[in-house]
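Here the sequence shown stands for residues 6 to 128, numbered as in our numbering. Right, one structure below, let's go through it.
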Amino acid sequence: MNSFGEALVEGYQPLMPALALPDPKDVHVLAAAIHGRADAIVTYNLKDFPVDVAARHGIEVKHPDDFIVNVIDLDTAKELTAIGSQRRQFRNPAVTAEDYLDRFRKSGLVQASHRLQPLAELF
Numbered sequence: 006m007n008s009f010g011e012a013l014v015e016g017y018q019p020l021m022p023a024l025a026l027p028d029p030k031d032v033h034v035l036a037a038a039i040h041g042r043a044d045a046i047v048t049y050n051l052k053d054f055p056v057d058v059a060a061r062h063g064i065e066v067k068h069p070d071d072f073i074v075n076v077i078d079l080d081t082a083k084e085l086t087a088i089g090s091q092r093r094q095f096r097n098p099a100v101t102a103e104d105y106l107d108r109f110r111k112s113g114l115v116q117a118s119h120r121l122q123p124l125a126e127l128f
């Protein structure tokens with residue numbers, strides 16, 4: 006928890022009884038997003054986070070692929086720097102840009118992979 010402590014949200018539990026989602030085990034995620042004033046919930050689990058329910062609280066629900074494409078579009082140079090830095094952390098074995106994009110595709114990040122493919126030499 007120490008590596009990204011500013012993302013930790015506490016005190017959301019009182020909101021939980023007033024919230025309903027298709028999977029009750031996910032209510033804590035919505036409650037934490039509301040309490041933490043998040044703009045979005047980024048999840049592969051779109052079916053359990055109905056857009057209309059989240060929107061009532063000013064929260065967008067986004068698939069990780071859409072989120073990453075948006076981040077790339079907002080500041081391509083900065084995102085390429087971040088991706089390159091992350092890719093270079095893989096050392097044993099080293100991960101090529103193509104390997105990295107293959108991992109994106111296997112993780113369902115198909116749009117992001119396509120967006121980054123022509124830029125692979127830059128990261």
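Ideal Cβ positions, reconstructed from N, Cα and C, are used throughout, including at glycine. Computed from a prediction, not measured in an experiment: that's the story for all the values here.
For K111, the enclosing alpha helix (DSSP H) has its first and last residue at 102 to 111. Secondary structure of I73 (DSSP, three-state): helix.
A straight line joining the alpha-carbon of Q94 with that of I73 spans about 19 Å.
In the pairwise beta carbon analysis, the region 52 to 62 is classified as not touching the region 96 to 104: fewer than three pairs are separated by under 8 Å. Cβ contact annotation for V47 (same chain, cutoff 6 Å, sequence separation greater than five): K67, P69, F72, in chain order. Here A45 is bridged, per DSSP, to E65. In this chain, the alpha helix (DSSP H) harbouring Q91 covers 81 to 93.
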